[in-house]
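A.B. asks: This is the structure, below, for whatever I ask next.
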Amino acid sequence: MSDVVHIFDAPRGRTMLLLPFALDDAISAWTRLQRAMTRSHPDAFTRDEWAYLISFLDEANLRAPFVAAFGESSSGGAVQRIARPRGEIAVWLPNNVSLLGPLTLILLSLTGNRVRVKAGSRADDLATAFVTWASNADAGAAAILERTRIEQFDRSDPRNAAMAAAASIRIAFGSDASASAIEALPHPIHSRGIYFSDRTSEAWLDLHRADDETLRTMAKVFAIYGTAGCTSPRRLVVLDGTIDDALRIRERLAEVWPSVVTRDVPMHHASQNIAAAQVAAATGWEATTTPRNAAAIAAGTPQLPAPPGFLALPVVAATLGEALASLPANIQTLGQAIDRERLNDLLPRLASAGVKRIVPIGSMHHFGALWDGWNYWQETFEEIEVQS
Numbered sequence: 000m001s002d003v004v005h006i007f008d009a010p011r012g013r014t015m016l017l018l019p020f021a022l023d024d025a026i027s028a029w030t031r032l033q034r035a036m037t038r039s040h041p042d043a044f045t046r047d048e049w050a051y052l053i054s055f056l057d058e059a060n061l062r063a064p065f066v067a068a069f070g071e072s073s074s075g076g077a078v079q080r081i082a083r084p085r086g087e088i089a090v091w092l093p094n095n096v097s098l099l100g101p102l103t104l105i106l107l108s109l110t111g112n113r114v115r116v117k118a119g120s121r122a123d124d125l126a127t128a129f130v131t132w133a134s135n136a137d138a139g140a141a142a143i144l145e146r147t148r149i150e151q152f153d154r155s156d157p158r159n160a161a162m163a164a165a166a167s168i169r170i171a172f173g174s175d176a177s178a179s180a181i182e183a184l185p186h187p188i189h190s191r192g193i194y195f196s197d198r199t200s201e202a203w204l205d206l207h208r209a210d211d212e213t214l215r216t217m218a219k220v221f222a223i224y225g226t227a228g229c230t231s232p233r234r235l236v237v238l239d240g241t242i243d244d245a246l247r248i249r250e251r252l253a254e255v256w257p258s259v260v261t262r263d264v265p266m267h268h269a270s271q272n273i274a275a276a277q278v279a280a281a282t283g284w285e286a287t288t289t290p291r292n293a294a295a296i297a298a299g300t301p302q303l304p305a306p307p308g309f310l311a312l313p314v315v316a317a318t319l320g321e322a323l324a325s326l327p328a329n330i331q332t333l334g335q336a337i338d339r340e341r342l343n344d345l346l347p348r349l350a351s352a353g354v355k356r357i358v359p360i361g362s363m364h365h366f367g368a369l370w371d372g373w374n375y376w377q378e379t380f381e382e383i384e385v386q387s
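Under numbering that gives the first Met the number 0, read the sequence shown as residues 0 to 387, first letter to last.
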């Protein structure tokens, strides 16, 4: 199949992008699928997961990586560079955030590369579930996904080595140990490894921004993955607040929780949350549980040890200096409800502290082409300089 030429204009020059398909046709296939998804709900996905996938397939979201990487679509003229798919991408998915599979595949499908995926060996394989459903639902989506191969096996399987040996780009989500093991596999000398390993995230807010809308958003975001997801807020920091402010916010969070998190609470989860609140109280926190023991929420200071539990959320009162000093070394996402002017003043200090993403609290889990400081999506293209 011959390459289809696409031209993009940006301030730094004009790019000729070569893809094995017409980009407009590929995006049209995904948006057709988006409409079909509104009339269906596969059992493998929760309603929230399916709703997020539907929103992710918005045309503007699919075109955004091209605009960021190459500029706006153009009709021609002198070209300063050529971009083309590198060949094959190997992707190792994590065990704890299974929705990353479909999201990553959707974005990589538009790069024109062949994509080989190892699904998490202990996770629900939503990547295969989504590819199977999409391929049956729309012929255009099926054609795009023909370049994608998904398998599920463990870390010791020899197919890991085969993936690394054949790939121009290796993308892995998981632990530091998993990333190190993948990097140690023999791979082409000019290939690139991009590893999204052990990370943690936080939410910060100005005291006067702690309204019910913000707290409901906080509850919704935290409840999706609890403390397991790298983008999940491990604590809520109330900037320039007092312990009394943290206690008030803790109480209000507990009150609004049932209006946001309406699913049933399994007995073993409720028991774990009761135990987490008890342990937190014993280590200096002012701890409570939400109605139905759906989560544990603890108020305290940055000096206290993190309370245990999958659904245990600490609310911390801290000065700005304390909040910055207590950021973990592996900080990834900072979800914020901070006034714009103050945030602008904070940006250099947050960047120096190693924060990789700064987004509104409600966008903490939103996935994109720029992740953990890596423009991994653009890296899947080889760029060729052209001078005339």
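Cβ coordinates follow ideal geometry from the N, Cα and C atoms, glycine included.
1) Over the uninterrupted beta strand (DSSP E) stretch that includes Asp8, give me the two end residues.
2) For Arg83, which residues does DSSP report across the bridge?
3) Kindly confirm or deny that the stretch 335-352 and the stretch 275-289 touch, where touching means at least three C-beta pairs closer than 8 Å.
4) In this structure, what does DSSP give as the bridge partners for Tyr194?
5) For the alpha helix (DSSP H) that Ile337 lies in, which residues bound it at each end?
6) How about Glu201: is its C-beta nearer than 8 Å to some C-beta of chain C?
7) I'd like to check one pair, Ala218 with Val260: are the Cβ atoms closer than 8 Å?
8) Rounded to whole angstroms, what is the Cα-Cα separation between Arg249 and Glu48?
9) Using a threshold of 8 Å, state whether the C-beta atoms of Gln331 and Leu342 are closer than that.
10) Go to Leu17, then tell me how far its beta strand (DSSP E) extends in each direction, as first and last residue.
11) Since Gly320 is in the alpha helix (DSSP H), which residue starts that stretch and which ends it?
12) Tell whether a beta-carbon distance below 8 Å holds between Arg80 and Arg113.
13) Can you tell me which of Ala227, Pro187, Ala138, Ala161 puts its alpha carbon nearest to the alpha carbon of Ala122?
14) Buried or exposed for Gln386, please, with buried defined as at least 16 other CB atoms from any protein chain shown within 10 angstroms of its CB.
15) What do you reckon, are the CB atoms on Leu144 and Ala160 nearer than 8 Å?
16) Which residues bound the beta strand (DSSP E) around Ser200?
17) Under DSSP, the beta strand (DSSP E) around Val114 begins and ends at which residues?
18) Quick check on the DSSP output: the beta strand (DSSP E) that includes Arg356 runs from which residue to which?
19) How big is the Cα-Cα spacing for Ser108 and Gly299?
20) Should Ser351 go down as buried or exposed, given a rule of 16 or more other Cβ atoms within 10 Å for buried?
21) May I have the straight-line CA-CA distance separating Ala245 from Ile360, to the nearest angstrom?
22) Exposed or buried, Ala178, counting other C-beta atoms within 10 Å across all chains shown (16 or more means buried)?
23) For Gln302, does the three-state DSSP call read helix, strand or coil?
24) So, under 8 Å CB-CB, Leu238 and Ala317 are touching, yes? Tell me the CB distance rounded to an integer number of Å.
25) Below 8 Å on the Cβ atoms is my guess for Ser27 versus Gly139; work out the distance and round it to an integer in Å.
26) Could you tell me the alpha carbon to alpha carbon distance between Arg208 and Val130, rounded to whole angstroms?
27) Tell me, to the nearest whole angstrom, how far the beta carbon of Gln271 is from that of Ala68; I am working on the premise that it is less than 8 Å.
28) Less than 8 Å between C-beta atoms, sequence neighbours within five positions excluded: which residues of the same chain meet that for Ala133?
29) Under three-state DSSP, which class holds Leu333?
C.D. replies: Walking through what the data contain:
1) 3-9
2) Glu381
3) no
4) Ala171
5) First-last for Ile337: undefined, no H or E at that position.
6) Absence of chain C from the displayed structure is noted, only one protein chain being present.
7) yes
8) 27 Å
9) no
10) 12-18
11) 319-324
12) no
13) Ala227
14) exposed
15) no
16) 199-205
17) 113-118
18) 356-359
19) 45 Å
20) exposed
21) 18 Å
22) buried
23) coil
24) 7 Å
25) 7 Å
26) 41 Å
27) The pair is not a contact, with the Cβ atoms about 44 Å apart (cut-off 8 Å).
28) Leu32, Ala140, Ala141, Leu144
29) strand
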